[in-house]
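See below for the structure under consideration.
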Amino acid sequence: MTTAYKTVFGSLGNYRKGGIEVTQGDARHYVFSNVFEVASKAAPYERVVVGKNLEYVVETLRAEGDSPWFACAHDEFVVAMDGEVRVEFVALEQPVAEANGAVLAGQEPAGRSMGYVLLRQGHQSLLPAGCAYRFRAPAACALVLQTKLGALSVEKWAEICLH
Amino acid sequence: MAMLDLADKPETQAKGFAADKVQATAPDPVTGYRTFSLGAFRFSRDAYFATVQWPAQGQTRTHAIPADAFLRAMMRDVAWGFFYGWVNFDHVIGTRNHYGKVDMYAGAFNGVMKEAGVDYTETFETPLIMATFKAILHDWTNEGFDPFAAPEETGTAYGSKHGENSAAIERTRIATRRMPGLPDDSPLRDDLPVNRAFHDVPQDEPEIHAEPGFEGQLHAFNLFKYLSRSDVTWNPSVTSVCGQSLFCPTTEEFILPVFHGNDRVEWFVQLSDEIIWDIGDKNTGAPRARVTARAGDICAMPADIRHQGYSTKRSMLLVWENATPNLPKRYESGELKPHPVEF
């Protein structure tokens, strides 16, 4: 008999958070949260830090409607965790100032449109260093970003983590 | 493996590979297996068990591990180039990576054995221990057994020597510079079949609409599709590189064949299904916690613990590593706390 496997992914509307059974020590040390829960409670495109390893972070965003234009001096990466999101790119005329993490790139960043990518659940896109990018999501969905801790990164660990 | 698989940092183990320095006996006339020596350690196997021996307090000490568990653990240690920090095969035997040299230990990170003074540690040049481990893997892995696969996917490790499975042991290692699928970077996995447990995972690719003049500069791929085609279990492989920050997702089924004690903090993002992590004290092995992670859960593994994962269904896990070289010293000196965030 062959087994019918069902792969369980999460989404903003359907996730089941795990937990910690502590024998010894403090549950806080595992800094445990769920990206769908965090994104569902955040403002649209608020870059909430859910993982931090010195200057590097993993951020969760709720994509809903149009995001501001972001730019970054180094490569970033985005993984769409559910739903569908469009990422538009602009090749900036002015180079991005050297800084860790993303910065806001203004209302209409000056430069040529590079095009866009359309991401669905599980799709990953490069957000190349030096470009401006914005997200457009007709319906709310969750994103995970790989980047560095920057001026737009929001840390609210006590709110999001098991303890 | 996470760190040494970076394309710009070629694996150190390839340099000066010490195949000619491996010490092995002739095949045993009954079992057909060779016995290996590495410093004062002696490795032998029979139909069921791998046996490791070492000297302590003027006696020979002995520890046995079921052959399948031993080969799965050794397969990871070899494939990962000794990984980060401590790779415990079980509660007694393991290796610690010093990135150029490697400690092999018995009982040194078992609270009771350490206290009793029956532990032993010896340090080896990486090429020698790598060559010895590879030779053991080649000799002790029989035809039909793939130490990289989950138990339901492969045959038995038991019995006397019959054939070999070099193809399983010598899988090509993938190195990623920036992101798979980019020109001059690691390939996607369209040529590999979808694993039986991921047949329901959508195989669509993202749409890329590049304006004229920007062809090839926008890049996206289906990460979950890529993972659904992974042909190995418990083998973090780099899929994106942001400075020293490495996303190393992998597909998991059955038990992580080692109890990993990292020399730095790492993080896990559960991408699908569920994994339960048994967590123990890094030095003594005493139980600390059991973490259940389901899709969307993210948690840190502090630098003072060891962990071993259990995954009933093959699941997708994102292992997130910081490859900065000086981190072990900064954690050991106390400059950095073992847990990454205070709140």
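Heads up: the sequence lines are chains A and B, in that order. Mapping of the first sequence onto our numbering: residues 1 to 163, in sequence order. Mapping of the second sequence onto our numbering: residues 1001 to 1343, in sequence order. We treat Cβ as the ideally placed atom computed from N, Cα and C, and that holds for glycine. None of these values were measured; they are calculated from a predicted model.
- Here lysine 52 of chain A is buried. Its C-beta has 16 or more other C-beta atoms within 10 Å.
- Spanning the alpha carbons of glycine 1334 of chain B and leucine 1271 of chain B requires a straight line of approximately 32 Å.
- One thing to note: lysine 1313 of chain B has its Cβ no nearer than 8 Å to the Cβ of tyrosine 133 of chain A.
- Between tyrosine 15 of chain A and cysteine 1242 of chain B, the gap from beta carbon to beta carbon reaches 8 Å or more.
- Judged by beta-carbon spacing, tyrosine 1105 of chain B lies within the 8 Å limit of aspartate 1119 of chain B, meaning their Cβ atoms are closer than that value.
- In the three-state scheme derived from DSSP, where H, G and I count as helix and E and B as strand, lysine 1134 of chain B is classed as helix.
- About 19 Å separates the beta carbon of leucine 1246 of chain B from that of isoleucine 1275 of chain B, a gap too long to meet the 8 Å contact definition.
- Interface with chain A (8 Å Cβ-Cβ cutoff): leucine 1218 of chain B is included.
- Secondary structure at glycine 1280 of chain B: strand, using DSSP grouped into helix, strand and coil.
- Cα atoms of glutamate 1252 of chain B and glycine 1094 of chain B: separation of roughly 21 Å, rounded to the nearest angstrom.
- Rounded to whole angstroms, the separation of the alpha carbons of arginine 47 of chain A and proline 1066 of chain B is 47 Å.
- Excluding sequence positions up to five before and after valine 38 of chain A, its CB lies within less than 7 Å of the CB of Val48, Val50, Thr60 and Ile160, all in the same chain and listed in chain order.
- Judged by DSSP secondary structure, aspartate 1068 of chain B falls within the alpha helix (DSSP H) whose first and last residues are 1067-1079.
- In the DSSP assignment, tyrosine 133 of chain A falls outside any alpha helix (DSSP H) and lies within the beta strand (DSSP E) extending over 131-148.
- Every beta strand (DSSP E) of 3 residues or more that sits fully in the segment 1144-1216 of chain B is shown, in chain order, as 1207-1210.
- Around the beta carbon of aspartate 1204 of chain B, fewer than 16 other beta carbons lie within 10 angstroms, which makes this residue exposed.
- In the three-state scheme derived from DSSP, where H, G and I count as helix and E and B as strand, methionine 81 of chain A is classed as coil.
- In the three-state DSSP reduction, proline 1127 of chain B falls in the helix class (H, G or I).
- Around the beta carbon of glycine 106 of chain A, fewer than 16 other beta carbons sit within 10 angstroms, so the residue counts as exposed.
- For tyrosine 1331 of chain B, the uninterrupted alpha helix (DSSP H) run begins and ends at 1327-1332, by DSSP.
- With its beta carbon at least 8 Å from every one in chain A, arginine 1306 of chain B lies outside the interface.
- Going by DSSP, glycine 1243 of chain B is part of no beta strand (DSSP E) at all; its letter is neither H nor E.
- By the C-beta criterion, the segment 66-80 of chain A is judged to be in contact with the segment 121-138 of chain A, since at least 3 inter-stretch pairs fall below 8 Å.
- Around lysine 1313 of chain B, the beta-carbon contacts reaching into chain A at under 9 Å are Tyr5, Lys6, Thr7 and Val8.
- Taking the CA atoms as reference points, glutamine 94 of chain A sits about 10 Å from cysteine 131 of chain A.
- Contact note: leucine 118 of chain A reaches chain B through Pro1206, Glu1207, Ile1208, His1209 and Ala1220, using a C-beta cutoff of 9 Å and chain order.
- Relative to alanine 63 of chain A, the option among A/Ala42, A/Cys72 and A/His123 whose CA is nearest is A/Ala42.
- Straight through space, the alpha carbons of proline 1180 of chain B and glycine 1213 of chain B are spaced by roughly 22 Å.
- Annotation for phenylalanine 36 of chain A: the continuous alpha helix (DSSP H) segment containing it runs 35-41.
- Excluding residues up to 5 positions away in sequence, Thr1035 and Thr1051 lie with their Cβ nearer than 6 Å to the Cβ of serine 1044 of chain B in the same chain.
- DSSP, read as helix, strand or coil, puts histidine 1339 of chain B in coil.
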